[in-house]
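Chains as they are written, first to last, in our numbering: chain A, 1400 to 1711; chain B, -19 to 230.
Beta carbons: idealized from backbone N, C-alpha and C, even for Gly.
Comments concern the structure below.
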Amino acid sequence: MKDQEQLLKEFQEKIDREEKIEPKDWMPEEYRKTLIRQISQHAHSEVVGMLPEGNWITRAPNLRRKAILLAKIQDEAGHGLYLYSAAETLGIDRDTLIDELLSGKAKYSSIFNYPALTWADMGAIGWLVDGAAIVNQVALCRTSYGPYARAMVRICKEESFHQRQGYEILLALCRGNAAQKKMAQDSLNRWWWPSLMMFGPSDKNSAHTAHSMNWKIKRFTNDELRQKFVDMTVPQANVLGIKIPDDKLQWNEQRGHYDFGEINWEEFNHVVKGNGPCNRQRLDDRRKAHEEGQWVRDAAMAYAEKRSNKIA
Amino acid sequence: MNEALIKYLLSLGDTSLILGQRLGEWCGHGPVLEQDIAMTNISLDYIGRARLFYQYVCELQNDGQNEDQIAFMREEEDYLNLLLAEYPNKDFAYTIARQFFLDSYFVPLFEKLSSSSDERLSQIAAKSLKESHYHFRWSSEWMVRLGDGTEESNRRIQEAVQHLWEYTGEMFQYASYENDLTQQSLIPAAEILKEAWAFHIQRVFSESRINRPSDGWWQTGGKSGRHTEHLGYILSDMQYMQRVHPGLDW
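Here it is, written out as structure tokens:
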């Protein structure tokens, strides 16, 4: 039998050759744990992320937008499903993962702890939140764990459609009357900084970056991805004709990138710890759905069992 | 212009829209992710269906109105949906029972309408029929699962069936515009639909340990614009944006 060191060496070599790690392959416990944490966090984000947008389904301003929003949120639920399945290939089941979300042990993207207050927020969420997610996720299409990488390819295709629909909502508002334009500007003001926070702590404070980079779970650092997002998004805001709420934002010829102001890390830390405007509300909603659904899941299980007894 | 046809299309469109709106309320709150997706998927079909009916109304009326003005600028009394569609979601059992009663009606209705001599109506019906077959499979399977699942699920679905039963008669009590269209041979007679409906109901009830309530007084009025208290709240949510900011593009 190979010793641990030899296995680890072969594992790293495989990663360095850009070969995918598959569920049945040997992997270090830490790699498995990191992936379970990251994939489940991602799955939970998809599911909790349904809430702020779901909040506007009944109030969408016209039938076309209502239909698009429904389809979009349904895609997010579908992403949650594939991601839970990808996590299950690592030897953990969905019920355990959901319990961890509901108990507050597992995290989800903090962005969904901000409220969706106006219709323009459906635009900002698509454009900025899904936009930031794409920047993260395009990099993840090449992540070293096979099932995660493959789930990402599909998710990215749908997310880029979501981003366009969000942008299109804002475009319609920015071409509209003063009230609509104001709504668009206000939503950019509220969503800009939380979107930058989606890339996580800056590299110097990131607990997980080094290991994840070595194992090619992550391919770029948080700060690199954040910069990429800013560079991509500023020209889009200019087309809309709304102003990004950052006085330090300006093009740096030398770097070939936009410079931007410092994130309010105190706010970031508070929201991560559970003190964002909607942390409690989102978890309460998820818990309520789960608890009220218990009898339905029980009934489905009981019925399936009766059926299999009859067949047997 | 065929006034009766316009009212009938509005009635089908309104039932679709209001039910779609109700199912959409489940988004993010379903008992399990797969069923959350199922309910928003069905909601989406209904919103799509409402749009097709309203667009046809707009073409027939040819007065510059669009689908959104029909959906968002009419008042409660102008809405001609079945009362059953506006009944609150309450819990998964009520949602399933409401859906099952309506699916059991829409399947035979669209089967008949898909050979209506009104070509446009028959096209919409043919498209809707495909969707309704799926919906019916979903809701009837859940009726059985809940009826024959646990004691609690049986009690809940039985209660939902009992409470919603009085709203089912409205489907088969034709409004004057429906009677006109039956005479014009554009839509099937109510008795034919009722027979097909009762057949579906009986079959599923017998598989699921659910007792059929006895027929009594029917709650009606939706198809002529007299609603339950619930519709006002649905419309005030749904129409909010168009009422605050009328006449804009979104």
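Listed in chain order, the non-local C-beta contacts of Arg1679(A) below 8 Å within the same chain comprise Gly1673, local neighbours out to five positions each way being set aside. Secondary structure at Tyr213(B): helix, using DSSP grouped into helix, strand and coil.
Contacts with chain A at 8 Å (Cβ-Cβ) include Arg125(B). Close to Arg1696(A), with beta-carbon spacing below 7 Å, are these residues of chain B in chain order: Pro11, Val12.
Within the stretch -3 to 74 of chain B, the complete alpha helix (DSSP H) segments at least 4 residues long are 13 to 41, 47 to 52, 63 to 66, listed from N- to C-terminus. Taking a C-beta distance under 8 Å as the contact criterion, Glu1445(A) and Leu1489(A) do not qualify as a contact pair. At a cut-off of 8 Å between beta-carbon atoms, Val1638(A) makes no contact with chain B.
Cβ-Cβ distances below 8 Å link Thr1517(A) to Met1582, Asp1585, Ser1586 in the same chain, with the five nearest sequence neighbours on each side left out; the list follows chain order. Gln1405(A) counts as exposed, since fewer than 16 other beta carbons sit within 10 angstroms of its beta carbon. A Cβ-Cβ distance of about 6 Å is found for the pair Leu(-3)(B) and Ala51(B), placing them in contact under the 8 Å criterion. In the displayed model, Trp1425(A) falls within coil according to three-state DSSP, outside both helix and strand. His1441(A) sits in a helix when the DSSP states are folded into three classes. The beta carbon of Gly1599(A) lies closer than 8 Å to those of Ser1605, Asn1621 in the same chain, with the five residues before and after it left out.
Separation of Ser165(B) and Leu(-15)(B) (C-alpha to C-alpha, rounded to the nearest whole angstrom) is 11 Å.
Going by DSSP, Gln1649(A) is part of the beta strand (DSSP E) stretching over 1649 to 1651.
Short of 6 Å from the beta carbon of Leu1500(A), and not among the five residues preceding or following it, lie these beta carbons of its own chain, in chain order: His1443. Residue Gly28(B) holds the alpha-carbon nearest to the alpha-carbon of Leu1469(A) among His210(B), Asn69(B), Gly28(B), Ala170(B).
Between Val1534(A) and Arg1685(A), the CB-CB gap reaches or exceeds 8 Å. Per the coordinates, the alpha-carbon of Asp83(B) lies some 37 Å from the alpha-carbon of Ala1571(A).
Counting only residues of its own chain and dropping the five nearest sequence neighbours on each side, Phe33(B) has a CB closer than 6 Å to the CB of Leu(-11), Leu(-8), Gly(-7). For chain A, the residues of the stretch 43 to 60 of chain B that bring a beta carbon within less than 8 Å of one of its beta carbons are Glu47, Asp48, Ala51, Phe52, in chain order. Its Cα nearest to that of Ile17(B), the residue Gly1479(A) stands out among Pro1422(A), Gly1479(A), Glu1412(A). Between Asp229(B) and chain A, the shortest Cβ-Cβ separation is below 8 Å. Pairing Asp1697(A) with Glu1690(A), the inter-Cα distance amounts to about 11 Å.
DSSP places Tyr114(B) in the uninterrupted alpha helix (DSSP H) bounded by 99 to 127. Apart from the 5 residues on each side of it in sequence, Lys92(B) sits with its Cβ closer than 6 Å to the Cβ of Pro168 in its chain, given in chain order.
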